[in-house]
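S.K.: All letters in the sequence shown, in the order written, are residues 0 to 289 by numbering that gives the first Met the number 0.
Glycine residues also receive a C-beta, built at the ideal position from the N, C-alpha and C atoms.
If you're wondering where the values come from, they're calculated on a predicted model, not measured in any experiment.
Pasting a structure here, questions to come.
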Amino acid sequence: MIQESLSVWTDQVRAGLAERTDRPASPLYDKGIVDEPEVRVPLDDLHQIIGPEGPDEMAHWEGTPELIAGRLGQAVTFDGSTYVEVGDVAAYDYEDPFSVVAWIYPDASAGGAIVSRMESDTNERKGFSVELHDGHIHVNVVRRWLDDCLRVRSVQKVTPEQWQHVVSTYDGSKLFGGIVLYLDGEPLELEVIVNDLQQPFVADEPFRIGSRGTQERFHGRIDDVRLFDRVLQPKEVRTLSVAESTDELLMAPHSKLSDRQQSKLRQLSLIHISEPTRRTPISYAVFCLK
0 MIQESLSVWT DQVRAGLAER TDRPASPLYD KGIVDEPEVR VPLDDLHQII GPEGPDEMAH
60 WEGTPELIAG RLGQAVTFDG STYVEVGDVA AYDYEDPFSV VAWIYPDASA GGAIVSRMES
120 DTNERKGFSV ELHDGHIHVN VVRRWLDDCL RVRSVQKVTP EQWQHVVSTY DGSKLFGGIV
180 LYLDGEPLEL EVIVNDLQQP FVADEPFRIG SRGTQERFHG RIDDVRLFDR VLQPKEVRTL
240 SVAESTDELL MAPHSKLSDR QQSKLRQLSL IHISEPTRRT PISYAVFCLK
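What follows is the structure in structure tokens.
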């Protein structure tokens, strides 16, 4: 019965979308499936930051950023000298759950920090960061770098010169098991570097993209950074790892969709079917495209 409902729903919405002539040039990504993040930096331009109260312009760039085609719209090329200060956001502490999301296209020759809110001028390096070194993704949650921190790295390496979706979640438990890393929607096996976080780690630093503090600057492209003040669930991570919009997926032949693309479409359709009195299939498609 559910499968039949999914098929009928998909056919009806596809027909409704085909009739629309006012579809936006920049299509829907995941509206209606995953809640809005606390902060989003689309990197479609060099200024826009979307916070809890809407768009704001407060980005400060170091170096010479270059806009280039990204995984979702535009992205920024980080050449090892460039980073951006986003401001006083992501002030998470050792008992706070949070999630960091980004698309990355790393260079083959070097890595660097993807995001951070961390000191760089002291030996303690207080704060947190998600970094890429020798192909491995590192997550650092630090009060003191050597002995009061959680520091882990992925066993698996990323693929250079290819877009990949990275998600790091921390549950506030102060334990190694409270960190989960995902690559392209799938959890990664982790190696422990240090597992002894005891004290608060909020750094008196801005949140930065492309560096750890002002050091360890990234080499490659970064796109669509998102911060959530909660732990993303696995199905949400899988949804976010699909760059194609829901209207693009609805119009594509089902046989051509990957498992992750089908899963994203299934999440949208189940939301509709579970709320049959709220929206008709066509009106839901119109809602999604607004």
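Would you tell me roughly how many angstroms separate the C-alpha atoms of residue 238 and residue 183, rounded to the nearest one?
M.R.: Taking the straight line from one Cα to the other gives about 10 Å.
S.K.: For residue 81, count neighbouring Cβ atoms within 10 angstroms of its own Cβ and tell me buried if that reaches 16, exposed if not.
M.R.: Buried, by the Cβ-count rule.
S.K.: Starting from residue 159, trace the alpha helix (DSSP H) in both directions and tell me its first and last residue.
M.R.: Per DSSP, residue 159 belongs to no alpha helix (DSSP H) and is neither H nor E.
S.K.: Give me the Cα-Cα distance between residue 24 and residue 247, rounded to the nearest whole angstrom.
M.R.: With a pLDDT of only 37 at residue 24, under 50, the local geometry of the prediction cannot be trusted, and no value is derived from it.
S.K.: Between which two residues does the beta strand (DSSP E) harbouring residue 145 extend?
M.R.: Residue 145 -> no beta strand (DSSP E), and no H or E assigned at all.
S.K.: Going by CA-CA distance only, name the one from 83, 60, 87 and 96 that's closest to residue 228.
M.R.: The option with the nearest alpha carbon to residue 228 is 96.
S.K.: Report back the beta-carbon spacing between residue 168 and residue 157 to the nearest angstrom; my notes put them in contact at under 8 Å.
M.R.: Residue 168 to residue 157, Cβ: 18 Å. No contact.
S.K.: Can you give the beta carbon distance from residue 231 to residue 98, rounded, assuming they're within the 8 Å contact cut?
M.R.: Confirmed, Cβ separation roughly 4 Å.
S.K.: Answer yes if the region 184-202 comes into contact with the region 60-76, meaning at least three C-beta pairs across the two stretches below 8 Å, and no otherwise.
M.R.: Result no; under three Cβ-Cβ pairs closer than 8 Å.
S.K.: Can you tell me which of 128, 208 and 92 puts its alpha carbon nearest to the alpha carbon of residue 172?
M.R.: Cα-wise, what sits closest to residue 172 is 92.
S.K.: With burial defined as no fewer than 16 other Cβ atoms inside 10 Å of the residue's Cβ, what is the status of residue 218: buried or exposed?
M.R.: Buried is the call here.
S.K.: Answer yes or no: do residue 41 and residue 226 have a C-beta to C-beta separation smaller than 8 Å?
M.R.: Contact flag unset, no.
S.K.: State the DSSP-derived secondary structure class of residue 105, mapped to helix, strand or coil.
M.R.: Reduced to three states, the DSSP call for residue 105 is strand.
S.K.: Can at least three beta-carbon pairs, one atom from the region 194-207 and one from the region 65-78, be found at a separation below 8 Å?
M.R.: No, the region 194-207 is not in contact with the region 65-78.
S.K.: Going along the chain, which residues of its own chain have a beta-carbon closer than 7 Å to the beta-carbon of residue 159, five neighbours each way excluded?
M.R.: Taken in chain order, the residues that qualify are 105, 106 and 107.
S.K.: Do the CB positions of residue 208 and residue 165 come within less than 8 Å of each other?
M.R.: Contact flag unset, no.
S.K.: Return the CA-CA distance between residue 222 and residue 147, expressed in angstroms with no decimal places.
M.R.: Answer to the nearest angstrom: the Cα atoms are 31 Å apart.
S.K.: Going along the chain, which unbroken runs of the beta strand (DSSP E) with 3 or more residues stay wholly within the region 202-252?
M.R.: Listed in chain order, they are 206-208 and 218-227.
S.K.: DSSP on residue 70, reduced to helix/strand/coil?
M.R.: Note: residue 70 maps to coil in three-state DSSP.
S.K.: How close, in whole Å, do the beta carbons of residue 177 and residue 119 come, if the pair is a contact with beta carbons under 8 Å?
M.R.: Not confirmed; about 25 Å, so no contact.
S.K.: Among 39, 76 and 33, which has the Cα closest to the Cα of residue 86?
M.R.: Checked all of 39, 76 and 33; the closest Cα to residue 86 is 39.
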